[in-house]
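*Asks:*
Residue numbers (this note's numbering): 979 to 1113.
#1: Verify whether the separation of the beta carbon atoms of residue 1045 and residue 1075 is less than 7 Å.
#2: So that I know if they touch, is there some Cβ in chain C lying closer than 7 Å to that of residue 1100?
#3: Write down every uninterrupted run of the beta strand (DSSP E) in the region 1052–1094 whose length is 3 residues or greater and which is fully enclosed by it, in chain order.
#4: Which residue or residues does DSSP assign as beta-bridge partners of residue 1038?
#5: Cα separation between residue 1067 and residue 994?
#6: Got a sec, what are the start and stop residues for the alpha helix (DSSP H) residue 982 sits in?
#7: Less than 6 Å between C-beta atoms, sequence neighbours within five positions excluded: which residues of the same chain meet that for residue 1004?
#8: Measuring only the C-alpha atoms, how far is residue 1043 from residue 1065?
#9: Is residue 1096 helix, strand or coil by DSSP?
#10: Assuming contact is defined by CB atoms lying nearer than 7 Å, are residue 1009 and residue 1059 in contact in what I supplied?
#11: Which residue wins for smallest C-alpha separation from residue 1047, given the options 1077, 1069, 1057, 1028?
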């Protein structure tokens, strides 16, 4: 079982992109901007929503760029409207992937030397490649 950390700001992207991973992997969600000012209400809704889609509620937390990120085998990072680059500085390049639909984020990634981190395959295939490179 592979430990995966997903840093994301869109609940539907989380379910669509990563929901299928929950049956075979230890998926941890770090939510950026999804937990509003009414933390208790929004977190209860999200925990229930993600729980119905296979995510373990104890593995869901608010993302905090200032806190150390836990160790994982693979990291998936949304473009976060360009904020992904702050996260990238603290994550292992060979195990981190940017999953963004934004051409602006992809262009900046290439300019900053993160072209290899732009996810060009499915998350399942990315996990497989990372694990093969480790062994």
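From the three backbone atoms N, C-alpha and C, an ideal C-beta is built for every residue, glycine too.
*Replies:* This is what the structure holds:
#1: no
#2: Here chain C cannot be found, since the structure has a single protein chain.
#3: 1052–1056, 1074–1077
#4: Assignment of beta-bridge partners to residue 1038 by DSSP yields 1007.
#5: 26 Å
#6: Residue 982 -> not in any alpha helix (DSSP H); beta strand (DSSP E) instead, spanning 981–986.
#7: The residues are 979, 981.
#8: One C-alpha to the other measures close to 7 Å.
#9: When secondary structure is reduced to three states using DSSP, residue 1096 falls in the strand class.
#10: no
#11: 1069
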